[in-house]
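Trainee:
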Amino acid sequence: MGIVKISDELHEELRKASDVMCRSINAQAEYWMKIGMLAQANPELSFNEIVQMQLRAAQVELPVLVVQSS
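Mapping the sequence shown onto the working numbering, position 57 (from 1) lands on 263, and the numbers just tick up by one.
(1) In the DSSP assignment, the alpha helix (DSSP H) including Ile241 goes from what residue to what residue?
(2) Identify, in the order they occur along the chain, each residue of the same chain with its Cβ nearer than 8 Å to the Cβ of Leu261, setting aside the five sequence neighbours on each side.
(3) Could you work out which residue in Ser224, Gln258, Leu244 is closest to Val270 when comparing CA atoms only?
(4) Quick one: what does DSSP say Ala264 is sitting in, helix, strand or coil?
(5) Are there 16 or more other CB atoms within 10 angstroms of the CB of Leu216, so buried, or fewer, so exposed?
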């Protein structure tokens, strides 16, 4: 494991996001870096497509949701 220096402002945003996502600050930073790296390498993919591909690669069963009109 290494140390990455970031601005105080970004650290504060990481702290807030990690609270919402129930992750440690380090886990949230790693998540953002991984998604950002994948997005940069695959600019044609949306965020949701990247996440779905990662879930499938981990063999997570993805349920299909059906939206019912009112």
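Note that CB positions come from ideal geometry on N, CA and C, so glycine has one too.
Mentor: The relevant details are as follows:
(1) From DSSP, the alpha helix (DSSP H) with Ile241 extends over 231-247.
(2) Result list for Leu261: Leu268, in chain order.
(3) Gln258
(4) coil
(5) Note on Leu216: under 16 other CB atoms within 10 angstroms of its CB, so exposed under the neighbour-count rule.
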